[in-house]
Amino acid sequence: MHLQTIIIAAFSASLVSGHGVITWVKGANGVDMPGLAVIPGTPRDCSSLRCGAQADSSIIIKADFKVVDPNGDGVGSPLGQTPRGGGVLASRVIADFMGPKSKRKRRFETSFGGFFGGPFVGKTVKSAHTDTEPARLAPGAGRGRGLPTTNDNNSLNFIYHQVDGNGGGPYVCEVDPTTGGTDQSAFMPCHLTQNIPGIVPGFSLVTKTDFDCVAQFPQDMVCRGEISGVKNVCVFKIYNNNPYGPFGSSGAFTQSPELRRQLGGRERLRKRGSPFTA
């Protein structure tokens, strides 16, 4: 208890913003997509609010959750809010990732120059740095390739960038297979088989570090959401238990063709009333 008190006191001075971000969702199909809160150019080699490192980190306050208009400003979004980008909306990032810029520039584009737990701990990928591959962040980067897909066992790989100690784990995982992350009641539990470490819940001594993480989704879950004209989309979020947060982030994905085939077969059997649905 004494250690927990010391750690909380040490990090309590920087608590007005988030402290970590999903930088990349790594599809089994080879497609890498930015997390839903990512703002290109955010520095990854420092950790303070002053240097801009926390600009796209989310604070996910449950009291703020409500159903939001996907075309609105995202305030109160179940995906949280960031200091610079405001309420997080999946529709913003997916629209840019999957196609060319609209002739009608969105408010966030004008402001920011583009779109923005298990027992195992995710391995440290590297000492983080500002992204040096802007082409992967450019509007239309996913056009013709689609969204990142799950593995055939309905798991998903992603990179989590921990900005500072308030972004420590372990993290809770939730997934929305139907509403594109706009309705908290649509979220269901998922499990991080590779989690972010923490000394006590929500705190650690780690800063400016990337972690390779894995989310395991329910075996019978089918992605049915539609976002910005893209079908079969799921949205997931992770958040820690920091008492000043929670802090976390979010990402979007679809399922592999083989998994969708298997899930479709199981659903047809269930509708027929067959006992062989395992």
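Per mature numbering (1 follows the signal peptide of the UniProt record, and there is no 0), the sequence shown runs over residues -18 to -1, 1 to 260.
Positions of the beta carbon are idealized from the N, C-alpha and C atoms, including for glycine.
- Two segments are said to touch when three or more pairs of C-beta atoms, one from each, lie closer than 8 Å; by this definition the stretch 221 to 241 touches the stretch 147 to 159.
- In this structure, Thr160 sits near Arg206, with a CB-CB distance shorter than 8 Å.
- If you compare the alpha carbons of Asn224, Gly122, Gly124 and Thr164 with that of Val154, the shortest gap goes to Asn224.
- Phe169 and Ile43 have their C-alpha atoms roughly 15 Å apart.
- The distance from the Cβ of Gln198 to that of Cys172 is about 6 Å, consistent with a contact at the 8 Å cut-off.
- Within the model, the alpha-carbon separation for Pro65 versus Arg32 is close to 12 Å.
- Here Ile209 really is in contact with Gly162; their C-beta atoms are around 4 Å apart, less than 8 Å.
- Boundaries of the alpha helix (DSSP H) harbouring Asp78: Ala72 to Met80, taken from the DSSP string.
- The residues Leu18, Ala19, Ser40, Gly56, Ser59, Leu61, Gly62, Gln63, Thr64 and Ser232, in chain order, have a CB closer than 7 Å to that of Val70 in the same chain once the five nearest residues on each side in sequence are set aside.
- Here DSSP, grouped into helix, strand and coil, assigns Leu18 to coil.
- Per DSSP, reduced to three states, the secondary structure at Asn177 is strand.
- Nearest Cα to Ser186 within the set Gly9, Asn222, Asn11 and Gly247: Asn222.
- If only complete runs of 3 or more residues are kept, the stretch 208 to 243 shows the beta strand (DSSP E) at 212 to 221 and 229 to 235, in order along the chain.
- Pairing Met80 with Gly124 gives a Cβ-Cβ distance under 8 Å.
- It is roughly 13 Å from the alpha-carbon of Asp158 to the alpha-carbon of Asp202.
- Looking at Gly12, Asn11, Val13 and Ile4, the one whose alpha-carbon comes closest to that of Thr24 is Ile4.
- A distance below 8 Å separates the beta carbons of Leu129 and Val215.
- DSSP, reduced to helix, strand and coil, places Ala197 within a strand of the structure shown.
- The continuous beta strand (DSSP E) containing Tyr142 extends over residues Ser137 to Gln144.
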